[in-house]
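S.K.: For reference, the structure I am asking about is given below.
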DNA sequence: TATGAATGAGTTTTCATTCAT
DNA sequence: GATGAATGAAAACTCATTCAT
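Below is the structure:
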């Protein structure tokens, strides 16, 4: 499953082949079909497992301000520049979710949990009291911003992430 | 090429087949190989042509404030909910650009032009003078926000786009 | 072996899988290879065992006229309409016998015994004295008729078996 | 399609492989899937085409007595001993028809036409006036007898077909 | 002795590309 | 120029058999 997750990020969901997964994992071809009901099921399981490992809601529970969340995003994004595995995987999964109902449901649950975790931080953050938007909306917007920056970083690795995040900080601080 | 662009959005870049393109266009199978050097070249041309038609820099030249740009994004995003063709195509192309050098270059140029157009608006917008970030950074951030919201809208069509944009407005207004 | 015999009738000799046999029998996969030298041997044994259970020569020993044999065929054929297991199995085995030498020999022995049993009845039946054919020939012909009707009944369950047998009775009575 | 029909007879319906068909026909593997919607469709078409070529209703139109029909069966059966292609193919198709609805329908139509042709002969045959059975029933019975003998001849090539047919003649003559 | 995980040869099918017409 | 029949490489998947436990 690790091999599958890496391959999704490397070559794209629709171009992962069971042979490549098996080769990467050092297993024979038949092993993939033997252990999973089919290629799609393998990819779905592999992607979701990777997300669950990468996203730990507890980490957010300790945070008290949105600034810290954004700082976390930035750290993650910078680390991602080197190994874009999880980020690319997330984007591939989001695209695939439009076509695969099960993936859509399970990924949706994961995203809702993430939004909830960020919304809880927003609720605790007194600096946001000036904003009329609900904590849930702020959380959704922030995660969308994070994903958008991720997307652009993947295309253009020379993008100045630091400046972007500084601007985001400034906008929130002003509010 | 229109048929190809639609199919990329529908089934994903890696799963478009030349036969499906020909069938959708009402052309004979052989026509695809006859008119293009190969499948990849067809898809690249089709995607870029679709972007060039959808993104008209002149539209931004008439705008005087970032608020208007955001309003434009919102209108576009709402219209996208019905036919996600261009949005999905853009995401597919962004993912593919990581692997295809020519697509990366040409798509990069397009994005840079878009960023420049938005940066020009930001430069004209006096309401942003309070932000220390450069107009280019603000433009890049805004486009990333737009793409991030697009991505999330495609997965979860019930997402309240209006609330998100209202929050974005508020954040910018505060700044 | 019962599971194997049923599966031959259901899906056809060439499409039985060892996993399906094991699953139907409620046994682990490995058990099939463990207890039999291979799939083919299992199927041969299973088919022959089923025939030996279904065909009891003693039943014919009690009969005194070919009419009774035919009546027995008819009864069997009618009962077969509901559960075509043994009939279908017989046809599958007959086809397979053309390719498998061991099955051919053992099935041939079984059929010869059946012909002999019917021939013995024919010998005892005084009503057949008018026919110049030997009891063995009459027996072989009758069994062929039975199998032919069986074959057609399996394809076309609405075939009027009663009328067919009545005509057969009439033909023999006339002779 | 000729290669497919021969292979069904040789190795059995369920064990025909598209590779073997292609090899026998001297074509590349891909050709089979290219020209037919799938293996099953190829086999169905091949079998039915072979039957339509082998069974010509016009041949029966010229006959005036059932004796001639039986003589025709015998000739066919004897010729079959050398190349059991059509006979074996028919049996395979009959078995398969139990599982494939389309084959069942189309084969059923063919068999009904054959029964009708034989029934027409039976109607013209004045020697059968002594039998109370309808011409249709007599036809169905005769064809079943023919198929049954065919089946047994395939298993046991040493079976004395001549004696069987002589007995059949005698039975009908008596009636 | 018995199990079931693992293997890999073999199956059907797809499809970009070629090329004779 | 344009077509579509043909090719063959590669894909996903099946399954009898093996063998460590």
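Residue numbers (this note's numbering), protein chains in the order written: chain R, 1 to 175; chain G, 176 to 350; chain C, 351 to 525; chain Z, 526 to 700. Glycine is no exception: its CB is placed at the ideal position from the N, C-alpha and C atoms.
1. Name the two residues that bound the continuous alpha helix (DSSP H) containing residue 322(G).
2. Would you kindly check if the distance between the Cβ of residue 675(Z) and the Cβ of residue 602(Z) is under 8 Å?
3. Since residue 15(R) and residue 189(G) should fall inside the 8 Å C-beta cutoff, what is the C-beta to C-beta distance between them, to a whole number of angstroms?
4. Assuming residue 85(R) and residue 6(R) are in contact, meaning their beta carbons sit under 8 Å apart, how far apart are those beta carbons, in whole angstroms?
5. Residue 57(R) by DSSP, collapsed to three states: which one?
6. Closest Cβ-Cβ distance between residue 380(C) and chain Z: below 8 Å?
7. Identify the continuous alpha helix (DSSP H) that holds residue 370(C) and give its terminal residues.
8. Below 9 Å between beta carbons is the criterion; list the residues of the stretch 303-324 of chain G that meet it against any residue of chain R, in chain order.
9. Select from 246(G), 279(G), 211(G), 179(G) the residue whose C-alpha is nearest the C-alpha of residue 337(G).
10. Could you tell me how far apart the beta carbons of residue 312(G) and residue 167(R) are, in whole angstroms, since I believe they sit closer than 8 Å?
11. Please go through the same chain and pick out, in chain order, the residues whose beta-carbon is closer than 7 Å to the beta-carbon of residue 649(Z), but skip the five residues on each side of it.
12. Could you tell me if residue 348(G) is buried or exposed, where buried requires 16 or more neighbouring beta carbons within 10 angstroms of its beta carbon?
13. What are the boundary residues of the alpha helix (DSSP H) that includes residue 558(Z)?
14. How would you list, in chain order, the residues of chain Z whose beta-carbon sits under 7 Å from the beta-carbon of residue 474(C)?
15. Starting from residue 633(Z), trace the alpha helix (DSSP H) in both directions and tell me its first and last residue.
16. Excluding the 5 residues flanking residue 184(G) on each side, which residues of the same chain have their C-beta closer than 6 Å to its C-beta?
17. At least one CB of chain Z closer than 8 Å to the CB of residue 540(C): is that the case?
18. Is any non-hydrogen atom of the ligand GTP found closer than 7 Å to the C-beta of residue 487(C), if you look at the structure I gave you?
19. Check whether the stretch 469-485 of chain C and the stretch 636-650 of chain Z are in contact - that is, three or more C-beta pairs closer than 8 Å.
20. Residue 52(R) to residue 25(R), Cα distance in whole Å?
21. Helix, strand or coil: which one does DSSP assign to residue 14(R)?
22. Suppose the cutoff is 7 Å on Cβ atoms and the five residues either side in sequence are ignored; what does the same chain contact list for residue 40(R) look like?
23. Mind listing the chain Z neighbours of residue 505(C)? Cutoff is C-beta to C-beta under 8 Å, in chain order.
24. Check residue 573(Z) in the structure and name its three-state DSSP category.
25. Do residue 207(G) and residue 217(G) have their beta-carbon atoms positioned less than 8 Å apart in this structure?
26. Are the Cβ atoms of residue 520(C) and residue 656(Z) separated by less than 8 Å?
27. Quick one: residues in its chain with C-beta nearer than 8 Å to the C-beta of residue 543(Z), no 5 flanking neighbours on either side, listed in chain order?
28. If you draw a straight line from the C-alpha of residue 271(G) to the C-alpha of residue 278(G), how long is it?
29. From what residue to what residue does the alpha helix (DSSP H) around residue 446(C) run?
30. Consider the Cβ of residue 563(Z): report whether some Cβ of chain C lies at a distance smaller than 8 Å.
31. Along chain G, which residues have their Cβ under 8 Å away from the Cβ of residue 164(R)?
32. Take residue 322(G) as the anchor and find which of 249(G), 304(G), 281(G) has the nearest alpha-carbon.
33. Among 68(R), 98(R), 59(R), 67(R), whose alpha-carbon lies nearest the alpha-carbon of residue 327(G)?
34. Could you confirm whether any beta carbon from chain G is found closer than 8 Å to the beta carbon of residue 15(R)?
35. Please list, in chain order, all residues of the same chain as residue 396(C) whose beta carbon is under 6 Å from its beta carbon, the five residues on each side excluded.
36. Once the 5 residues before and after residue 164(R) are set aside, which same chain residues still bring their CB inside 8 Å of it?
M.R.: Looking at the coordinates:
1. The residue labelled residue 322(G) in the question sits at position 147 within the second chain. Where residue 322(G) is concerned, the enclosing alpha helix (DSSP H) stretches over 310-330.
2. Residue 602(Z) sits at position 77 when you count from the first residue of the fourth chain. Residue 675(Z) sits at position 150 when you count from the first residue of the fourth chain. Yes, the pair counts as a contact, with Cβ atoms nearer than the cut-off.
3. Sequence index remark: in the first chain, residue 15(R) carries index 15 (1-based). Sequence index remark: in the second chain, residue 189(G) carries index 14 (1-based). With a Cβ gap of about 4 Å, residue 15(R) and residue 189(G) count as contacting.
4. Position 85 of the first chain, counted from the first residue, corresponds to residue 85(R). Position 6 of the first chain, counted from the first residue, corresponds to residue 6(R). The Cβ separation is near 6 Å, so the contact holds.
5. Position 57 of the first chain, counting from 1, holds the residue named residue 57(R). In the structure shown, residue 57(R) sits in a helix (DSSP, three-state: H, G or I).
6. To locate residue 380(C), count along the third chain from 1; it is residue 30. Judged by the 8 Å Cβ criterion, residue 380(C) is not in contact with chain Z.
7. Walking along the third chain from the start, residue 370(C) turns up at place 20. From DSSP, the alpha helix (DSSP H) with residue 370(C) extends over 368-375.
8. 305, 306, 307, 308, 309, 311, 312, 313, 315, 316, 318, 319, 320, 321, 322, 323, 324
9. Locating residue 337(G) in the second chain gives position 162, counting from the first residue. Measuring from the Cα of residue 337(G), the nearest candidate turns out to be 246(G).
10. Against the second chain, residue 312(G) aligns to sequence position 137. Against the first chain, residue 167(R) aligns to sequence position 167. Their Cβ separation, rounded to whole angstroms, is 5 Å, which keeps residue 312(G) and residue 167(R) in contact under 8 Å.
11. For the purposes of this step, residue 649(Z) is identified with residue 124 of the fourth chain, where counting begins at 1. Closer than 7 Å at the Cβ level, and outside the excluded window around residue 649(Z), lie 589.
12. As a working note, residue 348(G) is residue 173 in the second chain. Classification for residue 348(G): exposed.
13. Indexing the fourth chain from 1 puts residue 558(Z) at position 33. Counting along the chain, the alpha helix (DSSP H) containing residue 558(Z) begins and ends at 555-560.
14. Sequence index remark: in the third chain, residue 474(C) carries index 124 (1-based). Near residue 474(C) there are no residues of chain Z at all, since even the closest Cβ is about 18 Å away, more than 7 Å.
15. Working through the fourth chain from its first residue, we reach residue 633(Z) at position 108. It spans 626-649 - the alpha helix (DSSP H) in which residue 633(Z) sits, taken as one unbroken run.
16. Here the question's residue 184(G) lines up with position 9 in the second chain. Correct list, in chain order: 260, 263, 264.
17. As displayed, chain C neither begins before 351 nor continues past 525, which places residue 540(C) out of reach and without an answer.
18. Judged by which ligands are present, the structure shown has none, so any question about the ligand GTP falls away.
19. no
20. Working through the first chain from its first residue, we reach residue 52(R) at position 52. Working through the first chain from its first residue, we reach residue 25(R) at position 25. The straight-line gap from Cα to Cα measures roughly 21 Å.
21. Along the first chain, read from residue 1 onward, the residue named residue 14(R) stands at position 14. Helix, per DSSP.
22. Position 40 of the first chain, counted from the first residue, corresponds to residue 40(R). Closer than 7 Å at Cβ, skipping near neighbours: 100.
23. By one-based count along the third chain, residue 505(C) stands at place 155. Those within 8 Å of residue 505(C) in chain Z are 619, 622, 623, 629, 632, 633, 636.
24. Translated into the one-based positions of the fourth chain, residue 573(Z) becomes position 48. Residue 573(Z): helix per DSSP, three-state reduction.
25. Along the second chain, one-based indexing puts residue 217(G) at 42. Along the second chain, one-based indexing puts residue 207(G) at 32. Contact flag set, yes.
26. Counted from its first residue, the third chain places residue 520(C) at position 170. Counted from its first residue, the fourth chain places residue 656(Z) at position 131. Cβ atoms of residue 520(C) and residue 656(Z): closer than 8 Å.
27. As a first step, residue 543(Z) is located in the fourth chain; it is residue number 18 there, counting from the start. Excluding residues within five positions, the ones whose Cβ falls inside 8 Å are 554, 557, 558, 564, 567.
28. Reading the second chain from its first residue, position 96 is the one you call residue 271(G). Reading the second chain from its first residue, position 103 is the one you call residue 278(G). Their backbone Cα atoms lie some 8 Å apart in a straight line.
29. The sequence position of residue 446(C) within the third chain is 96, counting from 1. Here the alpha helix (DSSP H) through residue 446(C) covers 435-447.
30. Within the fourth chain, the letter at position 38 stands for residue 563(Z). Answer no: the Cβ-Cβ gap between residue 563(Z) and chain C never drops below 8 Å.
31. Counting from 1 along the first chain, the entry for residue 164(R) is found at position 164. Within chain G, the residues near residue 164(R) are 312, 315, 316, 319.
32. The count along the second chain starts at 1 and reaches residue 322(G) at position 147. Nearest C-alpha to residue 322(G): 249(G).
33. Within the second chain, numbered from 1, the residue matching residue 327(G) stands at position 152. The residue with the shortest Cα to Cα distance from residue 327(G) is 98(R).
34. The residue given as residue 15(R) occupies position 15 in the first chain. It does: the Cβ of residue 15(R) has a partner Cβ on chain G nearer than 8 Å.
35. Taking the third chain and counting its residues from 1, one reaches residue 396(C) at position 46. Only 351, 354, 355 meet the Cβ criterion.
36. For this step, residue 164(R) is matched to residue 164 along the first chain. The answer, listed in chain order, is 149.
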